[in-house]
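Since the structure comes first, as structure tokens, the remarks are kept for the end.
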Amino acid sequence: MRGTPPRRPLPLFRSSAEDPADPAEPAENPQDPAETPGSATPGPASTPLPRLPISAGAVMTDQPTPSARRRFADALARHESHFDLTDAPGTSTLAAWFLGPKAENQQLLEDLVRSAVQAQADDRRELYPDDPVYVTEEMKRSEAYQQDVKNLRGEFETLLNSLRGSTPAWSYRFQGHMNWDLTLPGIAGYFAGMLYNQNNVAAEASPVTTLLEKAVGEDLCRLLGYAVGESWGHITCDGTVANLEAAWSARNLTYHPVAVAEAIRREAGLAAARDMTVPLPDGTERPLLELTPWQLVNLRPNTVLDLPTRLRNAYRLTDDQLNLVDRYTIQHLGYDSFRRFLKDEVEPGVILASATMHYSWPKAAAVLGIGRDNLLPVGVDLDARATVEARRELLDECLRLRRPVLLDVAVVGSTELSAVDPLAGILDLRDEYAQLGLGYPIHADAAWGGYFAAVKRPKPHNGKPRITPDLAMSRYVNEQYDALHRADSISIDPHKAGYVPYPAGGLCYRDKRQRDLIAMGAAYIDQGAPVDTNVGLFGVEGSKPGAAAAGVYLSHRVIRTDAGGYGRILGQALFNSKRFYAAVRTMARPGDPFTLATCQRIPAERAPHPDPTLVEEELAYISEHIVPKRNEELLGDHKAMKRLRELGSDQIIIGYAFNPVVDGRPNTSLKVANQLNEHIAQRLRLLPELVEPRTPQAHEMPPLIVTSSDFDPALHGREFIDAFCGRLGVVGEDPLTPVTYLISTTMDPWMTDTADGDFIPVLVEALRDTVVRCVEEMNLTP
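Residue 744 in full-length UniProt numbering sits at position 744 of the sequence shown, with consecutive numbering throughout.
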């Protein structure tokens, strides 16, 4: 029990009973716009369209009046600055940020968890001190209670034993999935928040953790280069839901001008706006009601988002009048009823995304009714990056067929190879096609790559920014991150490169008004509220854990999202990944029964027609001047560091494949190479095993843990497949045969600087021994 006085002499938030209504505030008497008298027509359907009642469980069933919401928002706003992360001091000792590969910080974690439990216990005793207990000492002494506690402890021990068979993501030897150790503040914050079990669907159910989520959302926006105040971000359960929300809002944004035009044309209450003009993508100005459906679905995103404000300010429309628009939106009507407004002049809309897109995009297209056939894959180059040229071909087709582009997705860190699409060129291409009358929003899928922006974000230094340490990223990748702030929306997952517990995805909008397009409620009402009191109105999820916000918040508070915090973690991980790539690329020794190819090419292989002699010379340089060097030696060699920066992947995931050599002759069959790589993957994969009571693990652990995947010719294209197979030295018997390869993700910032030095040679030797053994077990003959 901690000492007195109690932790909180005064409650952080007053109850509504202590916050009387403002007597000067007018009484609310909302009226359903569907029943507004004086409409020119009854609306887009033959009968008035009822408004869908909104409910989000017990928390939101009884909706407070706008004045009550405002009072609650004002109460939240009084405490908002307390959680602001703008000037979070942060810390600088990386060794104190994680539990450690050998649980070196066990005592620290135990202290933090113990403090969280104590804080919860104190609150239960102090907040309502006169309330009675339920669990008495007499109950605890009873035989039934003691037996049940014994059973609980036994079942818990069984669970702990079973969990020992989990993937050891914290180990140097784990080079598989997008997962590593968790930050200590992330664990402690999540654990403390979990004990309070707050529901961030609405601030009434989570007055503190809602503010934490708001602070995190603003910090993510700052990290990505968005202007705080104009932008908005929030936590989702994962990147899949973040991408779904981005597609949902983009679809609604595309069709919203059609709804506004139809509402103004049909509703007497909006007649004042019938002379409204809007700027077209080419810079000309035209009356809104004179635009064709094709022109309406191609307005620039900012133009669309300006419409509500212009209707309110320029034409002095009331909230009730503005909400007449809602009945005409695609969100309200659905595709079938909405299509009547398009007058057969507009074909079904499409989403563009890299051929290597995450599986969340087909899901989003299916869930939103867009259809997977209208999700157009953009072809990739030899580095698995979607090309501007392939996009141009698709945009030309969309112009010709009059298919609106609902969203163009640029991947900033692909799932399997962490490839970064040419975002700067994609944004410039959008500006080019705007002059041809094609306007559309752009989303950066940075669920994996978003936190890498911290590598480029200067940290405060005596009040002044210092030189950005971006040496670990290539020149090309830096150019794309410099353009990140121009994207209309960005997904970013704290539970990936933010090193915090699941579930914690995230979505940020460059213009916070875009969230209103998916609001399950009156989107135009109470826009001036100082704090969002119902975060759940602006997304797919309803109930969501406040613990996730607490974990991310504390992690950002302790580890700043700049070059001195997360930039340091990821900068070292980038450095280690490139060193691991260099070691893997040159691991084959003379006489070894295998050759290998990496998915990411070395610079000499990027020439239009690579010279084998130059390739061998570069590999020899890497083998002599990079692989064997200590970090200190490498950092002091400017030429070697310049070469290192251009090696490996755009971020920290590398792909590679092996090919057996028999009697000095490399195999030429893709089928055989696939068999070898599948065999290696099986050897270096952790299989489900139950670990016996707490004794040394009974099952054999692989010496290195990686994962694997396949290159699909239908997705990656023949040029990519043929080039990779050419470097591997194989030919496919069937042009549709996938190519199996291995994947290593290096999120470990310590791997080259352990207490015993560089650990990469241990990993590479384990990989080499596994490959040699697998080749021998295949019993191949010439």
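Don't be surprised by glycine CBs; every beta carbon is placed ideally from N, CA and C.
Taking a cut-off of 8 Å for Cβ pairs, the stretch 288 to 299 and the stretch 311 to 328 do not touch, as fewer than three such pairs fall below it. Segment contact: the stretch 254 to 261 against the stretch 223 to 238, fewer than three CB-CB distances shorter than 8 Å; contact not assigned. Following the DSSP letters along the chain, one finds N659 inside the beta strand (DSSP E) bounded by residues I653 to V662. For F98, the secondary structure class from DSSP, reduced to helix, strand or coil, is strand. In this model, A73 and C221 are separated by some 21 Å (Cα to Cα). A residue is called buried once 16 or more other Cβ atoms fall within 10 Å of its Cβ, and Q480 is buried on that count. Boundaries for A268: no beta strand (DSSP E) harbours it, and the DSSP string shows neither H nor E there. The Cβ-Cβ distance between A434 and D282 falls below 9 Å. Assignment of F759 by DSSP, reduced to helix, strand and coil, places it in the coil class. If you draw a 10 Å sphere on the C-beta of L184, you find 16 or more other C-beta atoms in it, and that means buried. Excluding its 5 nearest sequence neighbours in each direction, P501 has C-beta neighbours in its own chain below 7 Å: L182, G186, I187, Y190, H495 and G551, listed in chain order.
L375 is positioned such that its CB atom lies no closer than 9 Å to that of L399.
Taking the CA atoms as reference points, H556 sits about 19 Å from H79. Secondary-structure assignment with DSSP links A116 through no beta bridge to anything.
Here DSSP, grouped into helix, strand and coil, assigns E285 to strand.
In the DSSP assignment, S489 falls within the beta strand (DSSP E) that extends over S489 to S491. Fewer than three Cβ pairs drawn from the stretch 166 to 178 and the stretch 501 to 521 lie within less than 8 Å of each other, which leaves the two stretches out of contact. Within the model, the alpha-carbon separation for T292 versus R510 is close to 28 Å. Between L382 and F594, the C-beta spacing is not below 9 Å.
Between the beta-carbon of Q600 and that of G648 there is about 6 Å, and that keeps the pair under the 8 Å contact cut.
P713 is not a Cβ neighbour of L684, given a cutoff of 9 Å. By the neighbour-count criterion, in which 16 or more other beta carbons inside 10 Å mark a residue as buried, H358 falls on the buried side. Per DSSP, D408 is one residue of the beta strand (DSSP E) stretching across V405 to V411. Here the alpha carbon of S92 sits roughly 33 Å from the alpha carbon of D488. For the pair I602 and A454, the Cα-to-Cα distance works out to about 26 Å. Scanning E204, L537 and P590 for the CA closest to the CA of D663 turns up P590. Within the model, the alpha-carbon separation for S231 versus S249 is close to 15 Å. Collapsing the DSSP output to three states places D710 in a strand. Annotation: the continuous alpha helix (DSSP H) that includes Y476 extends over R475 to D482. The three-state reading of DSSP puts I743 in strand, counting E and B together. When Cβ pairs closer than 8 Å are counted between the two stretches, the stretch 577 to 586 is seen not to touch the stretch 114 to 121, the count staying below three. In this structure, the alpha-carbon of L767 lies about 42 Å from that of G546.
When beta bridges are read from the DSSP output, A444 appears opposite A410 and I490. One alpha carbon belongs to A410, the other to A573, and they sit about 23 Å apart. Secondary structure at G505: strand, using DSSP grouped into helix, strand and coil.
With a cutoff of 9 Å on beta-carbon distance, Q651 and F452 are scored as near each other.
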